[in-house]
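These notes concern the structure reproduced below.
Chains as they are written, first to last, in my numbering: chain A, 87 to 683; chain B, 18 to 95.
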C-alpha cells in the first residue's frame, strides 16, 4: 500500500507543556518542526495542573536550589537520579523567568515579583521549616502556561498537525529512530512523518486505572508506541494516588473537605480512621488515609453493592457552611455521585493521579536503553520529555509542583539536545525501511476486518478494574500475583477488539481502540514491575514489606535501590542502578535516609 | 454545509476530567437526537476554554451567549 510521506527535521508527538516547550526550542533555532497532537494544543491535560511550578526564586522566603534538590530526592524516596534532579532544580529559575517573559500571568507580590506559595513537601534548610517555592497563576497555572507556550510557538511558526493520532515509532535495523506513522482523523489516512529527530511528549497513562483524576486523553500513547518498538519502560510500578476521588468518576475531592470536618466512614458507619491514626484521624497524611481506606474495603467493610468504596461524610456540618466554604465540592458530588453532601455522604476511593515512571531518558532528554554493557546508551534520533518520560527526577514519588517544572526543564532540554545534535551533524535523514508503515497498517486492517471480537469498552473496563484491585495504592503479594495472570488475559482480549463503526473519517471508535492498544502496554508494565519489586518505596507500598528496624518504611536499599526496566517482548524485566551522584561538584550526594515528614 | 458529527463528537474530548465525564453522559443521552442546528450550537460552544466551559456547566459562571444555553442545560442534567 502506498503511504504518503512527509519529511521534517524534527517531529514532536504531543502538544501539552513538554511538547510545546520542546517545539519552541526547535522552531526558534530554525528547524523544520512538526507537532502532532490528537487534540487542539490548549486542550492538553496540562490545563488541569493547579498547584504551581516549583522554583527556588526566594521571592518571599529565603530559598535555594540545594534545599529544592534535597526535597526532591527525599520525595523520590532516593529512587530519583541525582544528576537529573540537580539539573532540574538548577534550571528552575531560568525556565520560570523565561515563561514570565513569554507573558505568563504569574501572581505577584506587592513589589511586583512573582508571588510564591507554600506547598506540601517544600522545605527550607533540609526539612526544617516550610518554604514558599511554588509559582502560580491563581488556580490556573497549567492553563496559563499552555497558552503562553502556544502563543509563542505560533510566533515561531511551529507547524501543528492537530487531530492527528500517532500510531507507531519507526526504527531501522540499527535501532535508530526515523519518525512515526500517524493517522489523520479527518481523512482516516495513514502517513509517515520521516524526521532526523523524534521527541515524545505524550503525557501520562492514568486511564489504566478505574479511578483516575486524568482526562480521557491520557492513554499513554507514547509509552505504547515505545514499548511496541522494543524500548523498555522504566519504574512503571510507581503511581501517585490521591485518597479521595469520587467513586466511579475519579474527580478529586480536595483535602480541604476533611480539613473542614469531613469524616471517613465504612459500611457500618464507623469512623474507621480512629483505629488507624488515633491522633490525627481523618487528617492523617495522604498515604496513611489511602491505605486505611483500602484495608477497610479489602476486609469487607466497603460500601455500596460491590463494597468497593468508603464514605466521606459532611452531613453533620451546617448546610450554610457547606454552601459557603465548599460550594465546588457540593456541585461535584451532585454531578458525579448524584448525591447532595448536605443530605448524604459522598462515596470516595483512592484515585490515581500521576505516573512517575515512563520512557527512560537522561537529563538531556535523550531516550536511553541498555546496550553493549552500558545501561544508559542513547537511542539515535529519539528524545522524550514530561510525564511520558522518566529522567528520573520523581523516582518513587513526585514532589508537588515538580511536574510542571519537569515539563519545562526537560521539554527545553530535549529541544536543546536535538538542536545541538542537529548542528553538530550527528543527526541525518536515514533511509526508511521498506516496512516502515506495515505495523500501523496491519493494526488498522485488523480493526477493519475483526469478526466475533471483543468490545473495546468492556476490555478497557476489565483492564481498569484489574489495575485498581490488584495494583492500587496499597499492594498485596497474592493480589499482585493474581493480577499478573489477570492482566495478561485482558491483554490477550485486547488483541481481538472489534469496532461496529468502520467509517473512514472521524471514527472515534477506532481511535479508542488504538488508544487501548497503548493503555494495555502500560498496564502490563505496571502490574509486572509492581509484582516483582518486593520492597515498599515511595508510592509502591506492599503489605508484606512493612516498617522494620532493618528496612525503615519497608524500603530495602540492599536489594532494591535500582530502576526497573520492563520490556514488552516476553514481559522481561531488567534493572539498572540509580544514579546517586549529582551532575557537578557543587553539591554532595544526598545520603540515603529514612523518609519521614 | 452540514457539520460532520464525528468531528463534533471528538471535540467533546477535553482537557479536564470533569468535562469528559459530563460529555460522556451527554453523548450517550442526547447526541444522536440533536438536530443540525443544535449540533451547530454545540460545535460553537465546544470552542470555549475548558475552565470557562466547566464554570458554565457547574453553575459558577453565567452563560451569556444565548445559543449555548440549551446545550448547557442538557450538559447540566445530573
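The beta carbon of each residue, even a glycine, is placed where N, CA and C say it ideally should be.
Member of the options whose CA lies at the smallest distance from the CA of residue i
i              : options                           : result
residue 629(A) : 566(A), 437(A) and 666(A)         : 566(A)
residue 176(A) : 344(A), 229(A), 190(A) and 155(A) : 155(A)
residue 554(A) : 168(A), 297(A) and 183(A)         : 297(A)
residue 316(A) : 490(A), 366(A), 258(A) and 430(A) : 258(A)
residue 604(A) : 145(A), 254(A) and 198(A)         : 254(A)
residue 152(A) : 676(A), 682(A) and 230(A)         : 676(A)
residue 649(A) : 147(A), 578(A), 606(A) and 446(A) : 446(A)
residue 210(A) : 164(A), 170(A), 237(A) and 144(A) : 144(A)
residue 627(A) : 396(A), 330(A) and 163(A)         : 163(A)
residue 532(A) : 556(A), 505(A), 324(A) and 580(A) : 580(A)
residue 236(A) : 416(A), 225(A) and 128(A)         : 128(A)
residue 333(A) : 484(A), 438(A) and 585(A)         : 438(A)
residue 499(A) : 461(A), 299(A), 617(A) and 451(A) : 451(A)
residue 142(A) : 203(A), 547(A) and 263(A)         : 203(A)
residue 582(A) : 564(A), 620(A), 528(A) and 589(A) : 528(A)
residue 609(A) : 623(A), 633(A) and 574(A)         : 574(A)
residue 171(A) : 632(A), 488(A), 652(A) and 419(A) : 488(A)
residue 293(A) : 549(A), 656(A), 587(A) and 669(A) : 549(A)
residue 366(A) : 348(A), 380(A), 658(A) and 383(A) : 348(A)
residue 539(A) : 599(A), 392(A) and 525(A)         : 599(A)
residue 638(A) : 260(A), 680(A) and 619(A)         : 680(A)
Own chain residues within Cβ distance below 6 Å of residue i, not counting five before or after
i              : result
residue 494(A) : 107 and 181
residue 37(B)  : 31
residue 124(A) : 251
residue 472(A) : 104, 287 and 493
residue 238(A) : 110 and 188
residue 375(A) : 329
residue 245(A) : 120
residue 542(A) : 583, 598, 599 and 602
Proximal residues to residue i (C-beta, below 7 Å), its chain only, five neighbours per side dropped
i              : result
residue 592(A) : 271 and 272
residue 486(A) : 137, 205, 206 and 207
residue 572(A) : 552 and 556
residue 678(A) : 164 and 643
With 16 other Cβ atoms within 10 Å as the buried cut-off, status of residue i
i              : result
residue 409(A) : exposed
residue 520(A) : exposed
residue 427(A) : buried
residue 49(A)  : The question about residue 49(A) has no answer here: the residues shown for chain A are numbered 87 through 683.
residue 534(A) : exposed
residue 509(A) : exposed
residue 52(B)  : exposed
residue 357(A) : exposed
residue 33(B)  : buried
residue 318(A) : buried
residue 441(A) : buried
residue 20(B)  : exposed
residue 75(B)  : buried
residue 480(A) : buried
residue 413(A) : exposed
residue 64(B)  : exposed
Limits of the beta strand (DSSP E) - the one that residue i falls within
i              : result
residue 277(A) : 276 to 286
residue 101(A) : That residue, residue 101(A), is in no beta strand (DSSP E); it is neither H nor E in DSSP.
residue 442(A) : Careful: residue 442(A) lies outside any beta strand (DSSP E) and carries neither H nor E.
residue 649(A) : 648 to 653
residue 466(A) : 460 to 470
residue 251(A) : 250 to 257
residue 455(A) : 452 to 457
Span of the alpha helix (DSSP H) around residue i
i              : result
residue 351(A) : Here residue 351(A) belongs to no alpha helix (DSSP H); instead the beta strand (DSSP E) covers 349 to 351.
residue 156(A) : 151 to 161
residue 413(A) : 413 to 423
residue 264(A) : Here residue 264(A) belongs to no alpha helix (DSSP H); instead the beta strand (DSSP E) covers 263 to 270.
residue 496(A) : 488 to 509
residue 166(A) : Counting along the chain, residue 166(A) falls outside any alpha helix (DSSP H), and DSSP gives it neither H nor E.
Nonlocal neighbours in the same chain, by C-beta distance under 8 Å from residue i, ignoring five residues either side
i             : result
residue 92(A) : 120, 277, 278, 279 and 280
Nearest-angstrom beta carbon gap, residue j and residue i [assumed within contact, 8 Å]
i              : j              : result
residue 431(A) : residue 398(A) : 6 Å
residue 415(A) : residue 343(A) : 6 Å
residue 482(A) : residue 324(A) : 5 Å
residue 474(A) : residue 228(A) : Not a contact, Cβ separation roughly 16 Å.
residue 469(A) : residue 283(A) : 7 Å
residue 606(A) : residue 577(A) : 5 Å
residue 218(A) : residue 132(A) : That pair is no contact at about 23 Å.
residue 631(A) : residue 621(A) : 5 Å
residue 289(A) : residue 102(A) : 6 Å
residue 331(A) : residue 299(A) : 6 Å
Residue i: CB within 7 Å of a non-hydrogen atom of the ligand MG
i              : result
residue 440(A) : In the structure on display, the ligand MG does not appear, and there are no ligands present to speak of.
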